[in-house]
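Per this note's numbering, the sequence shown runs over residues 1 to 334.
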Amino acid sequence: MKQIKIIAAAIIMLIGLISPAQAAKVGQSCSIIGATSAELVCLAQGKKKIWQKLQTVEGVQKVIELSLKTTTLPKNLKPALKNVRSDKSFWLDQECSVDFEDIKVPECLAGDPNGKKIMVVYGDSHASMWMTSLDQIAKKSGYKIHLFAKLACPLVETTIWSYQLNRPFTECTSWQQLVLPKIQGLKADLLIVTDQWKPAVVDGKKSDFDTPAMWEVEFPKALQRLQSYAKRLVVISNNPSMQQDSVTCASKPRANLALCSAGRSQAGNEKINAIEESATTALGATFIDAVDLACSDYLCPVVIGERFVYFDQWHFTQTYIKWLTPVIAKSLNL
């Protein structure tokens, strides 16, 4: 009977109907995994009552596992389903995220304006996406951020295929040639890079078959160059890409959230992820696996806790990234 009360407290707490203190009263024996300093999630896990803030990937994983048991939207969903599509990083809608056919290099500063240390954030739209978290971290730790981001332009310095333009993405390599000298000149204390893989180009055409081999050669080359530009290099892997639009799926009448989830092996693109992790660790740089931040060992849900995870098929909501901020900070040792 006591165990049932503990589990009930965990589930009630997860959907946000009562406070952490109230949850603790329902079941006295539970471990507490803190989401932020302001909210906590209670998980039934052993006899000791432990309170701690969410700071580790393991903590995120425990919340994900519990969330997979839920098949309907929580009543206090954050944000409300009607607002999910607009719940995106501020930097995604600014000129800081250079459009597909542009090669301009705008000055995009964030973090602590008086910071003595320099953080450079470089990549595609996912670099802008993570700025929701990185801006908060930089302000607290005294870093001034320089953001360099171009939509759909990955780190590899070879011509890749653009789905949006339906042709070789020459603007990406042209933009890189302008940006990389600027990054080198900043002599950053911390360089954070992230991207999503894009198809190889062979004889002027898209080649999915040749993409892994191209990535295995070109990604390490790009990282080696970037590492020479900063005192410390961190790679945040691409987050999961869902197999369908999350909002559309969750908006269906009597939607079953289990049917909106995606398998980890597909959503996380394990082959490319393994290439990036291997290249990063070979250089002694830090690798943050973003797939672990949104997937269990097998599944990637669209709702974790009471938070909607994706505003489209490819990007985390601002709400979800804010929740992950303590975990990212700990991973960065900041």
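Note that CB positions come from ideal geometry on N, CA and C, so glycine has one too.
- For L299, the closest alpha carbon among the candidates K322, I183, S261 is that of S261.
- The DSSP-derived three-state label of S241 is coil.
- Relative to the Cα of A200, the nearest Cα in the group F209, T194, V193, I192 belongs to F209.
- Between the stretch 286 to 297 and the stretch 228 to 244 there are three or more inter-stretch CB-CB distances shorter than 8 Å, so the stretches are counted as touching.
- Looking at the DSSP output, S97 shares a beta bridge with A149.
- The DSSP-derived three-state label of F219 is helix.
- Counting C-beta atoms within 10 angstroms of its own C-beta, Y143 has 16 or more neighbours from the protein chains shown and is therefore classed as buried.
- Excluding its 5 nearest sequence neighbours in each direction, F169 has C-beta neighbours in its own chain below 6 Å: I160, S162, listed in chain order.
- Boundaries of the beta strand (DSSP E) around Y122: 117 to 123.
- In this structure, W323 sits away from I272, with a CB-CB distance that is not shorter than 8 Å.
- Distance from G305 to V105 at the Cβ level is roughly 38 Å; contact not present, criterion being Cβ atoms closer than 8 Å.
- Here S251 is actually not in contact with V302; their C-beta atoms are around 11 Å apart, not less than 8 Å.
- Bridge partners of L109 according to DSSP: H146.
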